[in-house]
Every structure is written in structure tokens, then in C-alpha cells.
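Please read the structure below before turning to the comments.
Numbering (our numbering), first residue to last: 845 to 1308.
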């Protein structure tokens, strides 16, 4: 699981770094003056962007400090630090950020050696669970913080920060996995409409095949190579389709291994995904046959859309950072994304998500105050204004504050009353399964054409 989290963060940061100068020139002012009020209650000088009264319950915090540790690195870390400033102005707390690519390798070592941070931002809940179980040093979410979490996040999210029945972590930045990328211009030129159901999606794929009988243009492009984490994009396909075909209750049982991984329902889901990913007529536009999916990086996977070699690419909202510099990501731009559709007649909109989780290691008033700030709508809105594709599942995030069109779309998904949110299953499963056999066997399913039942039997046997 940790490798997967690292690969996504690295992909985002490396591309963002290319546009650092533009971001620095066009970013919001972080000196304490707001473009517009978020909650309107005034505190000390420079802090009128947020409601300072929320932190009076923690007493006089002047001269104290809080350390924050995360896998986020510059330049994205600078956006976080800018969003911390209003809290510092309100409370007098000095927030000290430590940003490291080695977070996932070092967090357990630091905690066990007696050098934990006050607060850590875990890239996925599986790592949080590991640290809770291996160290016993993570503190439950503070009551003051949990009250603010309950005001701002749907109930679905609490389960993912809960370990052994205790609530340890709440979400920070999030991303939606339930997206299909496409070119609005290419769709318009061909007379194609965005599909609204799974059945429409297959019909559109068939239409694209019929319109391109020479096979030079395919409905889909795909890439699942990701170093040691190769295969994870297939698991996103399976999880999204599992949620749609079998429903939330079955999905939860499947993730928890309360139903066998190789059950008939699972075979049906894999076969449905295979009707696209293992269909030579449908894939792999711009790269070759089905087997090329395994050798194509997920970063490169969607790029043939720009050349017209394929029409669609299923990938999460964070993929916005992987398009070449100068690509316009917008509803009327070079590329955009539509919701990965549910089945015909579905009343709910399943949304597969990933997220960072915030947890604390020390119980001091300033730490309680800062985690409460991080759970607030004030923080979500200020951090969104700082950009770098940040989006939060905070229900009181003003979508107008989200800087990128695709992040706005993700925020709208999170806030949709019909949304049925479930977390990435592989990130919740034991490491030997989720980031082990699941990734490995999914790759063999594509690269070797391994039989579906044999794949599922192998994953089932990997459960501890």
C-alpha cells in the first residue's frame, strides 16, 4: 500500500514542479488577507479569514508549537504551510512542517524510537492501521476535533480512520477514482455523447469500433505499470465495478474478507471489467494489444487521447497533473473527465475514493487545537485556494474555492446527496493482499491472459 501512495504523490509533485514559476506568479496572497471571507468571525490581526473563537476553548496557546510530518514535498508543502498561517495568527501556535519522501519508511521507526511528530498525515488508512497496531502510540481523535469532523464529513469517512473499533484518523486531501478521461473536442467532432450508464459506455465503445474499422483508433487506452506497484490501476477498475454491480454491503464484506475473494460475484465483476480491458477491439489505443497495458505506465496511459489514438482512459482525479504542460483540463478544454457510470436504473452514485488521514501522537492543548483546525471548513477552503489540485471531502467546502476544474468535479461528487462513497479496497486490505497478490495477479491477468478464476483463487489464498 505504501508504494502505491508514494507513486501517486511523486507523479503529482514532479509535474507540479514544472509549473512552479507560473504557480508562484498566479497563486493567492497568503499574507493573511483574504480574497473573500469564509466564516467571517474576526480574531487577531491577519486572522479574519477564519473563525478564531473555535480555538478559545483551548486557552492561551501563545508561544507553543506543533510539529507536522507528511510525505508531501515542495512545492506542494508550501501550499499547506500557507494554509496554516491563519491558525497561527489566531492562536499564536507555531506550526512546524516536516516534509519528507521517506515518511512511509520512517514513521514507524520514529514512533518506536520515541521521536514521533505531534501530528502525521498518513497517505492511506492501511498505513495508519499498521502504525496503530505496531506501535500503540497513535491517539484517538480528540473529542473537540471529532465534533468538528461530524459537522463537516459524511459518516462514511469515519469508518476508514477507525482501527479495532477506535477512531484514530480523519481525512485531509482526497481524490475520486470514479472518473473516465476524454477529449471533449474529439467527442464533439465524432458526435459522441458522454455515457450516463454502464450500458451506454459499452454501446459507445462498440460505436467507436464500428467507426474505426481499420483499428487504428480504439475506444480505450490503458496503462498499469507503476514500478513495484504495477497493477494497481486494474484494482481501481475492479473496486469501482464491484461497488456498482454488487452494492455497498457486499463491497464492504469483500474488502473485509467476509465473503471469499473468488466467489461467483467476484468472477462476474472481473469478467465485466475484462470485457473492456481484455478486449482486443477496445484496447490499447496508441500502444498496441492488450499485453501492452502491463508495460505502459499509468502516467503515459491516457496521453494518446491527445493524439486521437483512443477516446477514453479510466483514472483518478489526481491524473490532471500528468497531462503535458500547456494541456487545458476543462469541460471545454483539451481533456476532461466524466463520472464512471453506474448501471442502468441505479438510484445511487457510487464513488470510489482515496485520501490522506490525519492522526495525533501527543495530547497537548495546541495539538488539540490544530487537529480541530484541520477538520474545519475554514482549513478546507483556505487550502483549496492554495491550489495544487487539492480537494477535500469536507461537506462545507465551497466548491468555488477549488482551483482546478477536475478537482471541482471531484468535490461535487463528494457533496452529491446521491453519492455512495467507499474507500479504495486495496488500501484497506492487508498488505500481502491489497498491495501484494491483488496487484500481482491483476498484472498477470492482463500481461499473461491468466484465467480469471485462477487469478481469484491465488488472491484468495494470499489472505492471512
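Ideal placement from N, C-alpha and C gives every residue a C-beta, glycine not left out.
Which residues mark the beginning and the end of the alpha helix (DSSP H) in which residue 1298 is found? By one-based count along the chain shown, residue 1298 stands at place 454. Looking at the DSSP string, the run of the alpha helix (DSSP H) that includes residue 1298 is 1296 to 1305.
Where does residue 1208 sit, in a helix, a strand or coil, going by DSSP? Here the question's residue 1208 lines up with position 364 in the chain shown. In this structure, residue 1208 counts as coil in the three-state DSSP scheme.
Residue 1299 and residue 1286 - do their beta-carbons sit closer together than 9 Å? Looking up residue 1286 in the chain shown gives position 442. Looking up residue 1299 in the chain shown gives position 455. Going by C-beta atoms, residue 1286 is nearer than 9 Å to residue 1299.
Return the Cβ separation of residue 1272 and residue 969 in integer angstroms, given the expectation that the two are a contact with Cβ distance under 8 Å. For the purposes of this step, residue 1272 is taken as the residue at position 428 of the chain shown. For the purposes of this step, residue 969 is taken as the residue at position 125 of the chain shown. About 6 Å; that satisfies the 8 Å criterion.
Minimum C-alpha distance to residue 1305 - residue among 921, 1106 and 932: As a first step, residue 1305 must be located in the chain shown, where it is residue number 461. Nearest option by C-alpha distance: 1106.
Do you know offhand how far residue 909's Cα is from residue 896's? Mapped onto the chain shown, residue 909 falls at position 65. Mapped onto the chain shown, residue 896 falls at position 52. Cα to Cα, the separation comes out at about 17 Å.
Helix, strand or coil at residue 1159 [DSSP, three-state]: For the purposes of this step, residue 1159 is identified with residue 315 of the chain shown, where counting begins at 1. The answer is coil: DSSP assigns residue 1159 none of H, G, I, E or B.
Which value, in whole angstroms, describes the spacing of the CA atoms of residue 1138 and residue 1129? Within the chain shown, numbered from 1, the residue matching residue 1138 stands at position 294. Within the chain shown, numbered from 1, the residue matching residue 1129 stands at position 285. Approximately 13 Å between the Cα atoms of the pair.
For a quick check, are the C-beta atoms of residue 1012 and residue 1203 less than 9 Å apart? As a working note, residue 1012 is residue 168 in the chain shown. As a working note, residue 1203 is residue 359 in the chain shown. In this structure, residue 1203 lies closer than 9 Å to residue 1012 by Cβ.
So residue 960 and residue 1176 are in contact, right, with Cβ under 8 Å, and what is the actual spacing, rounded? For the purposes of this step, residue 960 is taken as residue 116 along the chain shown, with counting starting at 1. For the purposes of this step, residue 1176 is taken as residue 332 along the chain shown, with counting starting at 1. Actually they are not in contact, since the Cβ atoms of residue 960 and residue 1176 sit about 48 Å apart, beyond 8 Å.
Output yes or no for whether 9 Å exceeds the beta carbon distance between residue 1197 and residue 1266. Working through the chain shown from its first residue, we reach residue 1197 at position 353. Working through the chain shown from its first residue, we reach residue 1266 at position 422. Going by C-beta atoms, residue 1197 is nearer than 9 Å to residue 1266.
Using DSSP's beta-bridge definition, name the partner residues of residue 1062. To locate residue 1062, count along the chain shown from 1; it is residue 218. Beta-bridge pairing links residue 1062 to 1154.
Checking 9 Å against the spacing of the C-beta atoms, do residue 893 and residue 1242 come in under that value? What you label residue 893 is simply residue 49 of the chain shown in a count that begins at 1. What you label residue 1242 is simply residue 398 of the chain shown in a count that begins at 1. No, they are not a contact pair.
How long is the line joining the alpha carbons of residue 1003 and residue 995, rounded to whole angstroms? Here residue 1003 refers to the residue found at position 159 of the chain shown. Here residue 995 refers to the residue found at position 151 of the chain shown. Approximately 16 Å between the Cα atoms of the pair.
In this structure, how does DSSP classify residue 1176 when only helix, strand and coil are distinguished? If you number the chain shown from 1, residue 1176 lands on position 332. Reduced to three states, the DSSP call for residue 1176 is coil.
Boundaries of the beta strand (DSSP E) in which residue 1255 is found, first to last residue: Counting from 1 along the chain shown, the entry for residue 1255 is found at position 411. Segment 1249 to 1259 is the alpha helix (DSSP H) holding residue 1255; no beta strand (DSSP E) there.
Assuming residue 940 is part of the beta strand (DSSP E), what are its boundary residues? Numbered from 1 along the chain shown, position 96 holds the residue referred to as residue 940. Segment 938 to 943, the beta strand (DSSP E) holding residue 940.
Rounded to the nearest angstrom, what separates residue 921 and residue 943 at their Cα positions? Numbered from its first residue, the chain shown carries residue 921 at position 77. Numbered from its first residue, the chain shown carries residue 943 at position 99. Their backbone Cα atoms lie some 7 Å apart in a straight line.
Based on Cα-Cα distance, which residue from 1253, 1081 and 1194 lies nearest to residue 1174? Here residue 1174 refers to the residue found at position 330 when the chain shown is read from its first residue. Closest option to residue 1174, Cα to Cα, is 1253.
Buried or exposed: where does residue 912 fall if 16 or more other Cβ atoms within 10 Å of its Cβ makes it buried? In the chain shown, residue 912 corresponds to position 68, counting from 1. Its Cβ being crowded by 16 or more others within 10 Å, residue 912 is buried.
Quick check on residue 1297: buried or exposed, where buried means 16 or more other Cβ atoms within 10 Å of its Cβ? Looking up residue 1297 in the chain shown gives position 453. Counting Cβ neighbours within 10 Å, residue 1297 comes out exposed, since fewer than 16 surround it.
Counting Cβ pairs, one atom from each stretch, are 3 or more of them under 8 Å apart for the segment 1062 to 1077 and the segment 1142 to 1151? yes
Quick check on the DSSP output: the beta strand (DSSP E) that includes residue 1014 runs from which residue to which? Position 170 of the chain shown holds residue 1014. Here the beta strand (DSSP E) through residue 1014 covers 1014 to 1020.
Compute the Euclidean distance between the alpha carbons of residue 952 and residue 1114, then round it to the nearest angstrom. The residue given as residue 952 occupies position 108 in the chain shown. The residue given as residue 1114 occupies position 270 in the chain shown. Whole-angstrom Cα-Cα distance: 35 Å.
Look at the alpha carbon of residue 1186 and the alpha carbon of residue 1083, and state the distance between them as a whole number of angstroms. Start at 1 with the first residue of the chain shown, and residue 1186 comes out as number 342. Start at 1 with the first residue of the chain shown, and residue 1083 comes out as number 239. Rounded to the nearest angstrom, the two C-alpha atoms are 13 Å apart.
Report the CB separation of residue 955 from residue 975 in whole angstroms; it is logged as a contact under 8 Å. The residue you call residue 955 lines up with position 111 of the chain shown. The residue you call residue 975 lines up with position 131 of the chain shown. About 6 Å; that satisfies the 8 Å criterion.
So, residue 947 versus residue 1201, is the Cβ gap smaller than 9 Å? Counted from its first residue, the chain shown places residue 947 at position 103. Counted from its first residue, the chain shown places residue 1201 at position 357. Against a cut-off of 9 Å, the Cβ pair of residue 1201 and residue 947 comes out as no contact.
Cut-off 8 Å between Cβ atoms - residues of its own chain near residue 1182, not counting five sequence neighbours on either side: Taking the first residue of the chain shown as 1, we reach residue 1182 at position 338. Taken in chain order, the residues that qualify are 1023, 1024, 1026, 1038 and 1039.
Residue range of the unbroken alpha helix (DSSP H) whose run includes residue 1049: Here residue 1049 is taken as the residue at index 205 of the chain shown, counted from 1. Unbroken alpha helix (DSSP H) run through residue 1049: 1042 to 1055.
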